[in-house]
Amino acid sequence: MMRVGALVRGDDQSALEVLSLARALGGDAAETYLILAAPAAQHAAAGAARAVVLEGIADADPAQLLAAAQALIGAAPPDVLLIPDGPLFEAVGAQLAGSIDRPAARDVGSVAIEDGRLQIVKGAFGGKAEVTLDAGEGAVLGVRQGAHQADELPQAAPQVLEFAQPAPLLSGRRAVRDASGEDLGRAKVIVSGGRGLGSAEAYRSLREVANLLGGALGASRAAVDEGWASPSQQVGITGQKVAPEVYLAIGISGASQHLSGMSGSKVVIAVNRDDKAPIFAAADVGVVADWQALWPELRRALAGG
Ligand SMILES: Cc1cc2nc3c(=O)[nH]c(=O)nc-3n(C[C@H](O)[C@H](O)[C@H](O)COP(=O)(O)OP(=O)(O)OC[C@H]3O[C@@H](n4cnc5c(N)ncnc54)[C@H](O)[C@@H]3O)c2cc1C
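Residue numbers for the sequence shown follow numbering that gives the first Met the number 0, so the first one is 0 and each next one is one higher.
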């Protein structure tokens with residue numbers, strides 16, 4: 000049986016919708032976690048929940064939100080964790096997914112559990128279309144506002160946990176530039192290559208397409224471990240967190256540690272020859288193909304013939 004949980008901040012409309020969705024999926028066993036700005040007694044609507052009170056929540060640092068979320072969820076996270084899509088999901092969604100080794104997806108419109116597998120419908124192509132995806136045995140999901148109606152929830156004061164707030168991080172995105180000249184933090188387009196490319200030479204061939212798109216060259220950790228890319232090009236939980244307009248993932252499987260670094264991308268295009276690769280759950284456009292078959296055509300098209 001899949002365990003379902005919801006993580007919300009305060010009790011605004013989107014929080015109540017996500018809490019209601021968690022109860023619709025998980026029944027009374029659904030676990031609800033609240034990050035609150037005020038004493039918990041004012042937030043009795045959410046049922047038997049655990050809560051952390053975080054002062055100054057409106058401008059809370061992402062590191063504080065993440066620490067609060069981790070304190071709430073503890074060592075036994077639910078299989079499906081629902082979070083309202085928006086600032087809270089942006090602050091903690093990908094990191095939580097990485098730390099519990101689950102995929103993450105946002106702009107999720109509906110969620111169902113069928114035969115022990117999670118089925119989601121999410122926005123694609125910048126919200127112009129919807130795709131139905133099998134999200135496997137669990138995921139961290141950013142639920143779109145209005146996706147589920149807010150039901151009447153049982154009244155119960157949440158159990159408030161003590162937790163130590165970390166010091167705020169310095170604000171501002173860190174832009175890392177290395178000898179290769181990549182500036183992944185600012186790039187509007189990132190072309191990232193993984194182990195599926197097969198060789199250092201193949202990885203280098205991505206450079207031309209990245210240049211044609213005015214983008215930077217990123218990498219999975221496997222490509223860095225192979226010595227094809229430099230560590231500062233690594234995207235992921237132990238690499239860079241990036242937020243380009245377009246992220247192209249070529250020959251990358253989509254491990255949660257990689258997804259957590261690229262989840263801020265607006266449009267994700269994935270090329271992988273395995274139609275079950277987890278990267279497709281995070282992709283707006285998925286191409287099931289051997290990348291080598293596509294590459295000459297793409298290069299020609301971008302170069303204008
Ligand atoms: C603590 C920890 C931290 C980590 N941090 C990070 C991190 O920050 N970033 C990161 O990326 N990883 C990180 N990892 C590693 C992560 O778990 C994966 O091992 C890694 O992301 C895999 O890289 P990959 O997708 O390139 O390789 P693989 O998982 O080997 O995937 C290669 C993919 O290429 C496809 N493929 C093969 N040939 C072709 C072809 N000809 N055409 C098209 N597709 C093809 C395959 O189907 C496969 O899906 C971390 C791991 C741990 C334990």
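Backbone N, C-alpha and C define an ideal beta-carbon position, used for all residues, glycine too.
With at least 16 other beta carbons inside 10 angstroms of its own, L132 counts as buried.
As a beta-bridge residue in DSSP terms, E129 pairs with G122. Of the heavy atoms belonging to ligand 1, none sits nearer than 7 Å to the Cβ of Q69.
Taking the Cα positions, D114 is about 19 Å away from R101.
Around the Cβ of E30, a 10 Å sphere holds 16 or more other Cβ atoms; the residue is buried. Near ligand 1, residues with a Cβ at less than 5 Å from any of the ligand's heavy atoms are G193, R194, G195, S219, R220, A221, G235, I236, T237, G238, G250, I251, S252, A254, Q256, H257, N271, R272, D273, A276, D289 and W290; the list follows chain order. For E89, the enclosing alpha helix (DSSP H) has its first and last residue at P86 to I99. When the Cα atoms are used, R194 and A123 turn out to be separated by approximately 26 Å.
Scanning its chain for C-beta atoms nearer than 6 Å, with the 5 sequence neighbours on each side dropped, one finds around W290 the residues I249, G250 and V270, in chain order. Taking all protein chains in view, the Cβ of L293 is surrounded by fewer than 16 other Cβ atoms within 10 Å, so the residue is classified as exposed. About 6 Å separates the beta carbons of L205 and L216, which is inside the 8 Å limit, making them a contact pair. A residue is called buried once 16 or more other Cβ atoms fall within 10 Å of its Cβ, and S264 is buried on that count. By the 16-neighbour rule on beta-carbons within 10 angstroms, M0 is exposed. Closest by C-alpha distance to D10, out of A156, V3 and A138, is A156.
Between V91 and L140, the C-beta spacing is not below 8 Å. Rounded to the nearest angstrom, the gap between the Cα atoms of G285 and V234 is 19 Å.
Remark: C-beta atoms of L81 and V130 do not approach each other more closely than 8 Å.
Collapsing the DSSP output to three states places P83 in a strand.
With at least 16 other beta carbons inside 10 angstroms of its own, R8 counts as buried. When the Cα atoms are used, S198 and W227 turn out to be separated by approximately 7 Å. Under the three-state reduction of DSSP output, I236 falls in the coil class, being neither helix nor strand. The distance from the Cβ of A134 to that of I119 is about 5 Å, consistent with a contact at the 8 Å cut-off. When the beta-carbon positions are compared, L160 and A70 come within less than 8 Å of each other. Inclusion of Q158 and R49 in the CB contact set at 8 Å is warranted, their separation being smaller than that value. Of the other Cβ atoms in all chains shown, fewer than 16 fall within 10 Å of the Cβ of Q12; this residue is therefore exposed. S259 is a Cβ neighbour of A96, given a cutoff of 8 Å. With a contact defined as Cβ atoms closer than 8 Å, R2 and D78 qualify at about 5 Å.
Around the beta carbon of G126, fewer than 16 other beta carbons sit within 10 angstroms, so the residue counts as exposed.
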